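Under the working numbering, the first residue of the sequence shown carries the number -9, and numbering increases by one thereafter. Using N, Cα and C, we set each Cβ at its ideal position, and we do this for glycine too. Remember, it's a predicted structure, so these values are computed and weren't measured experimentally. I have placed the structure first, in the form of structure tokens, so that the comments after it can refer back to it.
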Amino acid sequence: MTPAHAAGRIFIVSGPGGVGKGTIVSALVDRDPRLWLSRSWTTRAQRQGESNDAYVFTDRASFESRIAAGGFLEWTDFLGNYYGTPTPDPVVDHDVVLEIEVNGAMQVKKIHPEAVLIFVLPPSRDEQQRRLRGRGDPEDRVAERLQKALDEEPVGLSLANHVVVNDDLERTVDEMMQIIGHHRMLD
Ligand code: ADP
Ligand code: 5GP
-9 MTPAHAAGRI FIVSGPGGVG KGTIVSALVD RDPRLWLSRS WTTRAQRQGE
41 SNDAYVFTDR ASFESRIAAG GFLEWTDFLG NYYGTPTPDP VVDHDVVLEI
91 EVNGAMQVKK IHPEAVLIFV LPPSRDEQQR RLRGRGDPED RVAERLQKAL
141 DEEPVGLSLA NHVVVNDDLE RTVDEMMQII GHHRMLD
């Protein structure tokens, strides 16, 4: 392991809403105990059926206090809510996984140019829409996330080290594990 990675590598998983990022990263950490998933803070309300651990659910005042204290590696306002990655403590022998949108990915790449960005695309816009509805997002949420995806995708694609189409979940997770394995071999 080179000194640059003594505190672990950073793998960023980004992509439009409903593409399956959350599902994929949870499968990745289940498969590989060397991956450590960062838990973000958000001011958005918890979705029905969403795990209490999905985020640290907080209010705007607490989030802004943490910004002022320099406690985020990156943060952004996404569709009217704050989302941020608490500055991670280095975990020896672990690689960090960040599941974040493209503005945050850009911030992390500026600070850590060696971070590996895997950008995930849906097989089609229709399928993305089906997944958002299937997850229980109300129609206005579906529409705003589809619209946002049109802005996010060109930026994400231009920053990405790898682009993966999440068609079949198992196949996608296999492909991501191969990408992660490839980067570990390079160091
Ligand atoms: P994101 O985190 O990108 O917003 P989620 O992980 O919440 O997306 O996934 C959105 C929905 O799509 C969930 O209901 C999830 O079970 C489903 N999903 C994820 N990946 C696939 C896949 N490869 N095929 C079919 N459904 C999927
Ligand atoms: P959702 O509301 O669907 O959970 O997340 C909305 C978007 O915010 C998704 O693209 C998700 O990846 C992103 N996101 C989640 N946590 C963070 C974070 O800590 N920072 C940034 N920049 N984006 C995040």
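Tell me the DSSP secondary structure of residue i in three-state form.
i	result
I14	helix
V9	coil
I108	strand
V82	coil
Assign residue i to buried or exposed, taking buried as 16 or more other Cβ atoms, counted over all protein chains shown, within 10 Å of its Cβ.
i	result
A51	exposed
G130	One point to set straight first is that residue 130 is Asp, not Gly, in the sequence displayed. Its Cβ having fewer than 16 others within 10 Å, D130 is exposed.
A133	exposed
K11	buried
T(-8)	Residue confidence is low: T(-8) scores 38 on pLDDT, short of 50, so the model does not pin down where it sits. Its coordinate-derived value is still stated next. T(-8) is exposed by the Cβ-count criterion.
T162	buried
N42	exposed
Q168	exposed
G124	exposed
A139	buried
Would you give the residue range spanned by the beta strand (DSSP E) that residue i belongs to?
i	result
G74	71 to 76
S4	0 to 4
D67	62 to 68
H152	152 to 155
Flag this pair as yes or no: are the beta carbons of residue i and residue j separated by less than 9 Å?
i	j	result
N156	V15	no
T66	F47	no
S30	I101	no
Kindly indicate the opening and closing residues of the alpha helix (DSSP H) around residue i.
i	result
I169	159 to 176
D130	129 to 149
E91	Careful: E91 lies outside any alpha helix (DSSP H) and carries neither H nor E.
Q119	115 to 124
A51	50 to 58
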